[in-house]
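Scroll down for the structure; my scribbles are underneath it.
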Amino acid sequence: MPPLPPALQPHPDRLFPPDPGVRAIARRLYEAVRELPILSPHGHVDPRVLLDDLPFSDPASLLITPDHYVTRLLHASGVPLEELGVGAGPQPQAQARAVWRRLCANWAVFRATPVRYWFESELAEIFGVTERPSAENADRLYDRISERLRDDEFRPRALFRRFGIEVLATTDDPCDDLSAHSALAADPAWTGRVIPTFRPDRYLEAGRSGWAEAVALLGETTGIDTGTHRGYVRALEERRRYFIAHGAVSADHSHLDVRTEPLPLSEAERIHRAALAGGASEAQTTALRRHMLLEMARMSCEDGLVMTLHPAVRRDHHGPTAARFGPDTGHDIPVRAEFTEALRPLLERYGTHPNLHLVLFTLDETVFSREIAPLAGFYPSVYAGAPWWFLDAPDAIRRYRRAVTETAGFSRTSGFIDDTRAFCSIPARHDMSRRLDCGVLAELVAEHRLDEDEAVETAVELVSVNPRKAFRL
Amino acid sequence: MPPLPPALQPHPDRLFPPDPGVRAIARRLYEAVRELPILSPHGHVDPRVLLDDLPFSDPASLLITPDHYVTRLLHASGVPLEELGVGAGPQPQAQARAVWRRLCANWAVFRATPVRYWFESELAEIFGVTERPSAENADRLYDRISERLRDDEFRPRALFRRFGIEVLATTDDPCDDLSAHSALAADPAWTGRVIPTFRPDRYLEAGRSGWAEAVALLGETTGIDTGTHRGYVRALEERRRYFIAHGAVSADHSHLDVRTEPLPLSEAERIHRAALAGGASEAQTTALRRHMLLEMARMSCEDGLVMTLHPAVRRDHHGPTAARFGPDTGHDIPVRAEFTEALRPLLERYGTHPNLHLVLFTLDETVFSREIAPLAGFYPSVYAGAPWWFLDAPDAIRRYRRAVTETAGFSRTSGFIDDTRAFCSIPARHDMSRRLDCGVLAELVAEHRLDEDEAVETAVELVSVNPRKAFRL
Amino acid sequence: MPPLPPALQPHPDRLFPPDPGVRAIARRLYEAVRELPILSPHGHVDPRVLLDDLPFSDPASLLITPDHYVTRLLHASGVPLEELGVGAGPQPQAQARAVWRRLCANWAVFRATPVRYWFESELAEIFGVTERPSAENADRLYDRISERLRDDEFRPRALFRRFGIEVLATTDDPCDDLSAHSALAADPAWTGRVIPTFRPDRYLEAGRSGWAEAVALLGETTGIDTGTHRGYVRALEERRRYFIAHGAVSADHSHLDVRTEPLPLSEAERIHRAALAGGASEAQTTALRRHMLLEMARMSCEDGLVMTLHPAVRRDHHGPTAARFGPDTGHDIPVRAEFTEALRPLLERYGTHPNLHLVLFTLDETVFSREIAPLAGFYPSVYAGAPWWFLDAPDAIRRYRRAVTETAGFSRTSGFIDDTRAFCSIPARHDMSRRLDCGVLAELVAEHRLDEDEAVETAVELVSVNPRKAFRL
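Chains as they are written, first to last, in this note's numbering: chain A, 1 to 473; chain B, 1001 to 1473; chain C, 2001 to 2473.
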């Protein structure tokens, strides 16, 4: 008789500090937050999934293929992206099963990564899997999850309720008609709150291919002549209002840097026209983008959309993979970030404006203590955004708290943002964040740097108050 | 009957690592250093406070208004600086009380910051406060502290003695006549040691407004013609001698970078004259500043003043606040630092000079392991300065020790520097440093990387030997 | 009767985390790896030492004089390099004894550095020393070690066997005839595996003095006309084949940066000729070096030599010391590193090539989480190299694992590299790495992020599988 496969049993104390005294405090703090509703003010779930509420097709298409956190490390481990169904649209069951097998056979490469942690939580707590995945049990697990997915309780809306999500923000193109959001809001059978986010990157990058088409689409969508810079700016303002009318609370920006520099209007106009005609230099289009980021801050002061910045990633680092499989396929690689000098023109103008909320995210940890915490520790408009993407993991989250808190405290941080396109990982991600914050707070209590009543209050605020305040939920 | 307000009781084990075995070691190490006299070789206390020895006026003017560590986080939390009395001179009691209430009502925003820690120590250990501040007890605490401040035992000189300060360095303008220092030294009722520090920044920044006036003042003060570069250099040398004669042991420098580049004397002369005439370019004035930093090192080799560098802060980040409230009002924001290439010309010339002590401080933690520790681990002139400003906090201090020690050991570090303008925080700051160093040393002992007798010796040296050696006290 | 000198007794639990529960796990993991053979795929031991197998001359020449890790901190502490025999060739016994005394008298400056740790292990475990070094016992220890060194069991080959070294890679000039390696391999009395490493830095830096001579030597050695770029490239390919034929598995590169940029062949040819004639600009020679780094990657794809990168050190920071004592004398100082943009041209071409293994090392810790882990987490060719040089120390090694693992897991890391020229430190260095990895894994187990069976398997893989895979041993 073969030995039993190793069990998959998320431990009730997982992620708490190992010292027994500290762990006991962490447990008590966690009890105060474990059941609180989830606020997800930034993420990438497709609202149509909730609108249509169709059963998920299969375990691989749900949990592997669309999630570049998962596929990139399999790719690094020698599994070609085509064998994971990346960029190929809906996949037949046989292929989905093959993809699933590849994950299970390579389970070990995820050891000590957050992907492994999230997966374990999802498998155990959502799908009731009790065995550690392996090449041997891959088919058995596939069948079990598939069976569950056919159950009504595993359809998107049922999961949304089960996950305890109070607000879920999506990320949307400024010209999106937001019909999915409207239809959801109008559906009497639906009581959740799903809100769009204004993400205008491609409209602000005059140096990237596709900009002229985007500007034209903006003109068509708004009925405003976007052939002029002035019209283009008006059209963006118009679409922001449209998003706000559909529930949006924030505008998100991800460029290579966050430098902001005002241009004279005449110069902006000149570059706008030159770029539309294909005759603007890289320096000019960069200048225009930096001017527009400043404009976005101005608009935020006027219309109240929270401004979030996610800079300093070299997108599509491996051109051949991007060409074949498209964007967001695992090879966006961070570069150095800089906020102090880059944001100075913006903050000199709007940093103390009562209407501006500016949430700063980074993949470059060096700016946490050097720049973001000092900025959030002076400017009432600035919030230190939660650890993001590669940093959304236990040790990195602890480093974030330790780097930011001593200068900016807890109240100047945004609260957790899951930023995920993996719907089923949402509860595990928020739970991870709560456990880790409780662990950090427990250490402060154990070192007599904070009283336990204060730690409880802070733990609750980080979950329920900070994101509501930073994102005006 | 309302519940008792939460107590304010600094715990005897505060800041020690939570593991019971490690904590027991830390306690033993701390016993060896807790009562040692305070050496404060760099700070910003006004010597007139000690000369005049007048009672402090009120709790807010003593503990809040002049301390940008405190006001900046209140500002970020929505309290305008004018409501904190910043930049407005002496404040009437009613306003001081209102400022104090704002601190107490916002007590929570300081959780887990060092400001909270220092405040707690000061309130409990100096003023005997036993309740955690809040909106409810603000007036009661204000009255209690006010009452204490009227007591002779709470006048500056009495506190100086009570704090156990052996040496206190101030920071002074090169043209200051140091009359406060002279008068103090001549006062037979005064036995403390208060020494000036030569801080020539504004005399070395030919590109900043006010430079020509500073140079003229330097000429008047010394009776040397500073219209020429040669005269200007001689005048600076003269003022350094004057400072040394008044007890100074160090010269402090804080520029945006620490790049040093020699200029031919003729070129320095040319730029000097052009800058005085208002006709020097930014590149030229920057070149002159970099040349002068090298000159300062040369002078240190000649006259023995320890050279300390505190670079890489964008001062007055928010222009409107600087214009209204003045400098040092909470919005100096760090930028990236670089030492390896920048200091090479200086170190190639003077790095092994027996008379040079060069203490390197940073707000950019990335240079601790990458640059400062390797430099201090080779050059006999270089010391790794203590964590400074935003980094003068428990977790940052631990990171500093862990980043520096493995390359440079303990002996190449400067010992603690409080760098404070908050007189009453001096004992708490030094105590924090001692507790943390004992904790780090206890962990080394617990991991069998150091024997306990060595750890005791090291703890004592960090407090009593290193600053004496690095600063030639 | 004087007190006994403090004992030198490396503790069986050294470097394990202090929490008793975590420590117990770490002990169990360590038992699985402590006796495994040493794989050393990158280092600087001279193969002639093993070929000749002569007794080591004395303790100072063996353990101090040639090791810049040791001499640099003594130098920083005021001991001139000439008093340590640096750069002066073989030293008479009296001088060697004096050097040894200086180390012992300054033993305290190494507290909590890895040098102290390695030394302690070597003294206790290789030479049976049981007293902590001091000025008092320096002569006694010197005599004891000297006596041992005369024993056959302390000759290089005996130590090699005793250390349990399975593979030892040296670092060699491309024009080296590798006769020591050949002779060793041909020696029937020798069963160890000592392999060369191709290190072509000086042949790729057309901007450095000596390049033309190196290119000429390359021509002589290969009989190929290296007066043309094409011939020079062919000659390098030829020498790589020669190295491979002598057992080499990798080519190592250490330049100021790792930027790679292709040049048109005609342009490379033009710069090659201009540089030989002494007429190339710095921009041109830098461009040629960046082109050649790309060429090296191409060659690796063709011939299978693993490519290792050790960039971003300012060599010979203190010119006067370099001039007097030569290179590698303790004043190579790190600078900022950048990989994301710099390696993009290389990775776009060869990043998914099945034959390329590219191992990235850094002295700038900021790139671990920001750049190296994301690159190793996508590109099948990229491995995160072990912590190197200043970072090869307990706390830095822990930071490395925590920064890299969450993004790249364990499987994408290279395994430990000792990179040492201190032969006797090899076992202590590998043991340190094993202890620390077991400690990190034990913490993951204690926090329920990994099961213990997985941790055991991972610990063994890090020692025995990862280096074999990354370096194709």
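C-beta atoms are modelled at their ideal positions from N, C-alpha and C, and glycine is treated no differently. Every value quoted in this text rests on a predicted model; they were computed, and no experiment measured them.
N-terminal and C-terminal residue of the alpha helix (DSSP H) that residue i is part of
i	result
residue 266 of chain A	265-276
residue 169 of chain A	Run containing residue 169 of chain A: none in the alpha helix (DSSP H); it sits in the beta strand (DSSP E), 165-169.
residue 2446 of chain C	2426-2446
residue 226 of chain A	Neither: residue 226 of chain A is in no alpha helix (DSSP H) and is coded neither H nor E.
residue 2353 of chain C	Unbroken run through residue 2353 of chain C: none, as it is neither H nor E.
residue 2031 of chain C	2020-2031
residue 47 of chain A	47-52
residue 59 of chain A	59-63
residue 1280 of chain B	Element bounds for residue 1280 of chain B: n/a, residue is neither H nor E.
residue 1072 of chain B	1068-1076
residue 2146 of chain C	2138-2149
residue 2183 of chain C	2179-2186
Nearest-angstrom Cα separation, counted from residue j out to residue i
i	j	result
residue 2207 of chain C	residue 313 of chain A	33 Å
residue 181 of chain A	residue 171 of chain A	11 Å
residue 2461 of chain C	residue 109 of chain A	12 Å
residue 2369 of chain C	residue 364 of chain A	8 Å
residue 219 of chain A	residue 273 of chain A	14 Å
residue 390 of chain A	residue 2404 of chain C	10 Å
residue 2417 of chain C	residue 2214 of chain C	28 Å
residue 2129 of chain C	residue 2089 of chain C	27 Å
residue 1222 of chain B	residue 1238 of chain B	7 Å
residue 212 of chain A	residue 2346 of chain C	31 Å
residue 1050 of chain B	residue 1430 of chain B	20 Å
residue 316 of chain A	residue 323 of chain A	9 Å
residue 145 of chain A	residue 58 of chain A	8 Å
residue 408 of chain A	residue 377 of chain A	5 Å
residue 1307 of chain B	residue 1175 of chain B	18 Å
residue 37 of chain A	residue 24 of chain A	24 Å
residue 2134 of chain C	residue 2164 of chain C	31 Å
Any non-hydrogen atom of the ligand PLP within 7 Å of residue i CB
i	result
residue 2190 of chain C	Absence of the ligand PLP is noted for the structure shown, with no ligands found whatsoever.
Start and end residues, beta strand (DSSP E) containing residue i
i	result
residue 1252 of chain B	1250-1253
residue 1244 of chain B	From DSSP, residue 1244 of chain B is part of no beta strand (DSSP E) but of the alpha helix (DSSP H) over 1229-1245.
residue 1193 of chain B	1193-1195
residue 2452 of chain C	Per DSSP, residue 2452 of chain C belongs to no beta strand (DSSP E); it is in the alpha helix (DSSP H), 2452-2464.
residue 1038 of chain B	1038-1040
Those residues which DSSP pairs with residue i across a bridge
i	result
residue 307 of chain A	A:251 and A:358
residue 1007 of chain B	B:1131
residue 1110 of chain B	Partner(s): none; residue 1110 of chain B has no beta bridge.
residue 172 of chain A	A:198
Supposed close pair residue i, residue j - CB separation, criterion 8 Å
i	j	result
residue 401 of chain A	residue 440 of chain A	5 Å
residue 65 of chain A	residue 99 of chain A	6 Å
residue 141 of chain A	residue 102 of chain A	In fact, because the Cβ distance is near 13 Å, the residues do not count as touching under 8 Å.
*Every unbroken alpha helix (DSSP H) within the region 1081-1108 of chain B, with a cutoff of 4 residues, ordered by chain*: 1093-1105, all fully within the region 1081-1108 of chain B.
*Which residue spans inside the region 2310-2334 of chain C form an unbroken alpha helix (DSSP H) run of at least 4?*
The region 2310-2334 of chain C contains these whole alpha helix (DSSP H) runs: 2319-2325.
*At what residue ranges does the region 2357-2419 of chain C contain a whole run of the alpha helix (DSSP H), taking only runs of 4 or more?*
The region 2357-2419 of chain C contains these whole alpha helix (DSSP H) runs: 2373-2376 and 2394-2408.
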